Amino acid sequence: MDTRDRRPGDLLVRAGGVVFAIGVVGVVATVLPLFLGTRPLPPAFYWLSMLAPLGLALALAGVLVAAQARRRAPRRRDAA
59 MDTRDRRPGD LLVRAGGVVF AIGVVGVVAT VLPLFLGTRP LPPAFYWLSM
109 LAPLGLALAL AGVLVAAQAR RRAPRRRDAA
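In our numbering, the protein residues as written are 59 to 138.
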């Protein structure tokens, strides 16, 4: 994507998606040993799983920024 094609909020949505994906990996790594009957992972993985809601919040903030920017943009009337 070219920098000219970026709209307000795009970077927040992308960052939120990456952080959410890392958090989901943390959730799977935390829950999987419980189903397999192995030793639980260190508590750091519980904190890693907290990145999932943080990523979701970042992406939502990006969507809200994009909506606000679109709302404030001047309306164009195309001549037909």
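No residue lacks a Cβ here, since even glycine has one placed at the ideal position from N, Cα and C. Quick caveat, the model's predicted, so the values are computed rather than measured.
If the five residues before and after V76 are omitted, its C-beta is found closer than 8 Å to the C-beta atoms of G113, all from its own chain and listed in chain order.
Exposure of G95 is indicated by the presence of fewer than 16 other C-beta atoms within 10 angstroms of its C-beta. Under the three-state reduction of DSSP, G95 is assigned to coil, being neither helix nor strand.
Boundaries of the alpha helix (DSSP H) harbouring A124: L109 to R130, taken from the DSSP string. It is roughly 37 Å from the alpha-carbon of L90 to the alpha-carbon of A124.
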